[in-house]
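See structure below.
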Amino acid sequence: MTYAPETIEPKWQRRWAERRTNEPDLDRAERPFYNLMMFPYPSAEGLHVGNFYAFTGADVFGRFMRLRGYTVFEPMGFDAFGIHSENYALKVGIHPGVLIPRNIQNFTRQLTALGGMFDWKHVLATTDPDYYRWTQWVFLQLYHAGKAYKKKAAVNWCPSCKTVLANEQVEAGVCERCKTPVEQRLLEQWFFKITDYAERLLANLDDKSKMDWSATTTTAQRNWLGRSTGAEIDFAVEGPDPIRVFTTRPDTIFGATFMVLAPEHPLVDRITTATQRSAVDAYRKAAAAQDVVSRKVGDKEKTGVFTGGHATNPATGRQIPIWIADYVLMEYGTGAIMAVPGHDERDFAFATRFGLDLVRVVAGPDETESTPLTEAAAEVEGSRLVNSGDFSGRTVADGTTAIVGWLESRGVGKGVVKFRLYDWCISRQRYWGPPIPIIYCGDCGPVPVPEKDLPVQLPELEDFRPDDSGVSPLARHKEWYHVACPKCGKEGRRETDVSDTFLDSAWYFLRYLSTDFADRPFDQTRVRKWFPVAQYIGGNEHAVLHLLYARFVTMVLHDLGLLPAEEPFRRFRAHGLIVKDGAKMSKSRGNVVVPDEYIAKWGADTLRMFLMFLGPFEEGGDFRDAGLIGPRRFLERLWDLVGQCERRTLTGEEIHRDIVVKWNATKKKVTHDLETLGYNTAIAAMMELLNAMRDSNCAERQIVKDLVVMVAPFAPHFAEECWERLGYPTSVFDAKWPIWDEALTIDHVVEIVVQVNGKTRSTVRSPRGAVQDAVLPRALADDTVKRFTEGREVRKVIFVKDRLINIVVG
RNA sequence: GCGAACGUGGCGAAACUGGCAGACGCGCAGGACUUAGGAUCCUGUCCCUCACGGGGUGCGGGUUCAACUCCCGCCGUUCGCACCA
-4 MTYAPETIEP KWQRRWAERR TNEPDLDRAE RPFYNLMMFP YPSAEGLHVG
46 NFYAFTGADV FGRFMRLRGY TVFEPMGFDA FGIHSENYAL KVGIHPGVLI
96 PRNIQNFTRQ LTALGGMFDW KHVLATTDPD YYRWTQWVFL QLYHAGKAYK
146 KKAAVNWCPS CKTVLANEQV EAGVCERCKT PVEQRLLEQW FFKITDYAER
196 LLANLDDKSK MDWSATTTTA QRNWLGRSTG AEIDFAVEGP DPIRVFTTRP
246 DTIFGATFMV LAPEHPLVDR ITTATQRSAV DAYRKAAAAQ DVVSRKVGDK
296 EKTGVFTGGH ATNPATGRQI PIWIADYVLM EYGTGAIMAV PGHDERDFAF
346 ATRFGLDLVR VVAGPDETES TPLTEAAAEV EGSRLVNSGD FSGRTVADGT
396 TAIVGWLESR GVGKGVVKFR LYDWCISRQR YWGPPIPIIY CGDCGPVPVP
446 EKDLPVQLPE LEDFRPDDSG VSPLARHKEW YHVACPKCGK EGRRETDVSD
496 TFLDSAWYFL RYLSTDFADR PFDQTRVRKW FPVAQYIGGN EHAVLHLLYA
546 RFVTMVLHDL GLLPAEEPFR RFRAHGLIVK DGAKMSKSRG NVVVPDEYIA
596 KWGADTLRMF LMFLGPFEEG GDFRDAGLIG PRRFLERLWD LVGQCERRTL
646 TGEEIHRDIV VKWNATKKKV THDLETLGYN TAIAAMMELL NAMRDSNCAE
696 RQIVKDLVVM VAPFAPHFAE ECWERLGYPT SVFDAKWPIW DEALTIDHVV
746 EIVVQVNGKT RSTVRSPRGA VQDAVLPRAL ADDTVKRFTE GREVRKVIFV
796 KDRLINIVVG
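Residue numbers -4 to 805, in the numbering used here, belong to the letters of the first sequence in order.
Pasting the structure below:
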């Protein structure tokens, strides 16, 4: 019988479904292991090989844990709302409500063909009213907790997608999806107060008991949160309120020779003098009209206008001019800065451009207070404050503390912590999303939709094209739009914004557990058993947004007493990226790998093994068609070995000692490598064992059986079939993961490298554990070694047990 | 500019806390078996050299008996962030 994946793969997929092999009893699981992977957006193109790579890597781990005796819950779902779906629907002229189910069906077919151990009983789609009903419920929980609010804000508007974008969806000033330059618009938006959680979101990143995450991912989150410590300092101006600035360098305050306010700063009006009025107004107008692109691009020339007003530097007591400039952003800090041109690049550029004063307040070890400044001087080792009154001579660190203390004692400043993180704008003026469950009433104001009235169904809308009004197309559906106020019964109108897809995905891992409950978002018993997620695998492109939002929503729900943990994902690993022949896969290059063809030609098991063998899972790999033959050959050889051992069974004593050692060492290595997602080396180790068996003509049943179990996570259909051929009636996934004898993982005899002056000259075989005195004479007796030691004095011998002996001669 | 990761044969890659660099796989070369081979099996395969030997992990230094691994300085690639005060 030859190995024919095209028949055995469908056979086992059918049998898994019939036997409900992959549907664990969620209520009775004794050793639950929640194995999560990022659910896909069901595109019309179908799953690409990158998805397969991620899912296979996650699935291998799930199957491995199952073989180790865990009850593994491995659900799958579809992230089907959002601009992506909607734009595509508009393009092809088919309603997303029609397209999405079609795509989901195709995805399901592909996922089945992949052979993942998905629990289809708990499948979900975010577009399903039974799902988004609870997404709306999540919104209401946040609303009631005071973490959702509406504000008018300058937001990013994509004129092509005709929608508001979150700051995170703007990349260097252009829309992340369509690359159109983004404009600024002022709209009422719903926000979540994620900034309230900044400190906790940051602190938990270092808490290994809560989060065991890829370092690259935590680093990205840390940067995104952007904590900086500094001070808020008040600069007195004429009139009641001083101008408050935020600075990370309060130590340089004696060098603050002017101030800059954001053009939008509320105090600008009051400060501006009559003579400067028209110039200021013109500049503010220009800045307001400007899109976010050029506003935030860093390396353009500085612009700005003098307001005519002055403020008092609280350290020097001097009057300093107040300017406005668009390089100061209203959203960050206080929207105003003290400019220290001597020690800040941007301020330096600005001061140079407009001829403003420069004062050196920090000097390096080779500099003095009067060393001229040709550029903004950075702090170096041994820098000290100069020209800073009583604080001159102090180190930067020391001076910072002292100056903040001094400002605090005088009531003009205080040490503060700021975050780069913004509140999460969840409003989308689009059609294809869950309506935000709020009703506006003339008398009662905004009223949350009562939970019993959920879901707020997304109405059927023939024409769902967004328009330029900035108002969602939902407003055009009059019967839906007009609704009675839940509080007073008078006529109200619905919120027409839908929520961001990131809200859908911020809690889906909770819903998986309880898709069989219609009356609650997640069952408390289930959650207590299965939450937090034991392992989450996904792409690092979601390192900040999705993962941060999921953490935030979890934290809020935890604080509301609804979840037993505040961090949702105990272990997170980011998989690498798959490229094709060294180049990124993209439609425009025409090098997108469609997995279906490969499954048809090679079988899913070979494809899975190949993908896992490409390179380290967390680093990705290069998909080259030529490589598939390797894993395929391995499977065929193992297949043949299974056939041979059906006929031949040797007893333990007959097995060559070398093979026994290799066998045990392989079990140990494969186990360890799987734990650390070292799939490529695990496969290599199995290949080595197989090669060793073939070389010594060994088809020992015990070893073959172990190999079949170890290969099962990678090639599940193949392993099932082999398991059956070996005569077992049950699923191989009900088998036990092989154990090994530690004493048999190492050989009695070792090869010790003999070096002379650090260069390898020979090797000697020696019993394991031999001491230097036993090895040295034999090493010196070696012919090759003799050639290099003869006539020279042995000065030193370095001996590393069981590994190496280095003879240093002079 | 800032931050992070990385750089090893023709190619994808291995190498535990510093201890034989190139496991495993692809490809390639030679051979066997075949009517045939783009199937299968065997042998070989870092570079130079007939050999002895020498050189070799992006480049230049350093530490060490010993460096892919540690330290310093460059170069390059990729990915984040980017006027964040």
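Even for Gly, the Cβ is constructed at its ideal location relative to N, Cα and C. Since the model is a prediction, treat every value here as computed from it, not as a measurement.
Count the other CB atoms within 10 Å of the CB of residue i; is the residue buried (16 or more) or exposed (fewer)?
i      : result
Glu648 : The pLDDT assigned to Glu648 is 49, lower than 50, so where the model puts this residue is not dependable; a value taken from the coordinates is nonetheless given after this. Exposed: under 16 other Cβ atoms inside 10 Å.
His305 : buried
Glu715 : buried
Leu508 : buried
Ala320 : buried
Leu181 : exposed
Ser173 : Note on residue identity: the sequence assigns Cys, not Ser, to residue 173. With fewer than 16 Cβ atoms within 10 Å of its Cβ, Cys173 is classed as exposed.
Ile800 : buried
Phe512 : exposed
Ala501 : buried
Asn46  : buried
Gln216 : buried
What separation, rounded to the nearest whole angstrom, lies between the Cα atoms of residue i and residue j?
i      : j       : result
Thr307 : Ile189  : 35 Å
Leu31  : His667  : 21 Å
Tyr278 : Gly303  : 14 Å
Thr784 : Val745  : 23 Å
Val399 : Tyr327  : 21 Å
Leu623 : Asp600  : 11 Å
Trp525 : Pro441  : 37 Å
Asp418 : Phe186  : 6 Å
Val748 : Phe68   : 49 Å
Arg790 : Thr758  : 20 Å
Ser581 : Ile573  : 11 Å
Thr646 : Trp658  : With a pLDDT of 49 at Thr646, under the threshold of 50, the predicted position of this residue should be treated as unreliable, though the coordinate-derived value follows. C-alpha separation (whole angstroms): 15 Å.
Ala371 : Gly337  : 5 Å
Phe414 : Asp246  : 20 Å
Asn686 : Met(-4) : 21 Å
Pro559 : Ser38   : 35 Å
Val357 : Asp385  : 14 Å
Val522 : Val375  : 52 Å
Arg425 : Thr175  : 17 Å
Leu669 : Met60   : 9 Å
Arg760 : Arg782  : 19 Å
Lys575 : Gly625  : 17 Å
Using three-state DSSP, classify residue i as helix, strand or coil.
i      : result
Leu799 : strand
Asp246 : helix
Gln519 : helix
Lys409 : strand
Thr302 : strand
Ile3   : helix
Phe608 : helix
Arg33  : In the sequence under discussion, the amino acid at residue 33 is Met, which differs from the Arg named in the question. Met33: coil per DSSP, three-state reduction.
Arg471 : helix
Trp427 : coil
Ile706 : The question names Ile, but residue 706 is Val in the sequence shown. It is helical.
Glu178 : strand
Gly384 : helix
Tyr65  : coil
Glu374 : coil
Pro733 : coil
Gly647 : The pLDDT assigned to Gly647 is 48, lower than 50, so where the model puts this residue is not dependable; a value taken from the coordinates is nonetheless given after this. Correct three-state label for Gly647: helix.
Asp458 : coil
Cys420 : strand
Whole-angstrom Cβ separation of residue i and residue j, contact assumed at under 8 Å?
i      : j      : result
Ala49  : Gly394 : Going by Cβ atoms, the distance from Ala49 to Gly394 rounds to 50 Å, so no, they are not a contact pair.
Ile228 : Gly77  : Contact doesn't hold; Cβ gap of about 43 Å is too wide.
Leu256 : Gly312 : About 21 Å separates the two Cβ atoms, so there is no contact after all.
Ala569 : Glu631 : The Cβ separation is near 33 Å, so there is no contact.
Val588 : Arg720 : So it is not a contact: roughly 32 Å between Cβ atoms.
Checklist entry - Where are the alpha helix (DSSP H) runs, 4 residues long or more, that stay fully inside the segment 499 to 571, in chain order? => result Correct list: 503 to 506, 519 to 525, 540 to 554.
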